[in-house]
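Written below as structure tokens is the structure these notes are about.
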Amino acid sequence: MLNISEASQQTGLSSKQIRDYEKYGLLTPSSRADNGYRRYNAQDLNRLHFIHQARLVGFSLQQIAELLALQDNPHRSSKEVKELTAKHIHTLEDQIEHLQNMLARLKKWHNSCHGDNSSECPILDGLGETQQETRSCHTSSK
């Protein structure tokens, strides 16, 4: 049995993260010592590793709760897990597209800027564009 500091070292999670996962209901320590300190066993560590891996690929705490419920359910179907993962993949793809659009816009402004002593600055001009100007710029460039 490990205390929270030892569990933190074993999993690479901070003690605060572990407490937050408990607070959210993703984990319940196996026991408490006489002094009230949390105690974790190997199964708890496996669960913490699972949570950590799920966070690393961007699952939300709610999604992780769903994944853990599926993991704990001996009657689950892999179809349910795959559907949840497919939704997450779609969300990530949307986020990547959004980030790529942001990067392209920022690069365009950056490349347009002379970076000299002139007061003219396409970066500041671009940042000052209204949403309507930005939308018409994107639709005309497609």
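Note that UniProt numbering numbers the sequence shown so that position 10 is 10, with each residue one more than the last.
The beta-carbon is built from N, C-alpha and C at its ideal position, and this holds for glycine as well.
Bear in mind the structure is a predicted one, so any value in this text is a computation, not a measurement.
- According to DSSP, residue pairing for R38 in a beta bridge involves R32.
- By the neighbour-count criterion, in which 16 or more other beta carbons inside 10 Å mark a residue as buried, D44 falls on the buried side.
- Contact between the stretch 94–102 and the stretch 61–80 is absent: fewer than three C-beta pairs spanning the two stretches fall below 8 Å.
- Shown here, L2 sits in a strand according to DSSP, grouped into three states.
- With a beta-carbon spacing of about 6 Å, L48 and L13 fall inside the 8 Å limit used to define contacts.
- Three or more pairs of CB atoms, one per stretch, sit closer than 8 Å, so the stretch 79–90 contacts the stretch 50–65.
- In this structure, DSSP gives G126 a helical state, which the three-state scheme calls helix.
- Residue burial annotation: Y21 is buried, with at least 16 other C-beta atoms found within 10 angstroms of its C-beta.
- CA-to-CA, the gap between L2 and T11 works out to about 11 Å.
- Per DSSP, the unbroken alpha helix (DSSP H) holding R19 starts and ends at 15–23.
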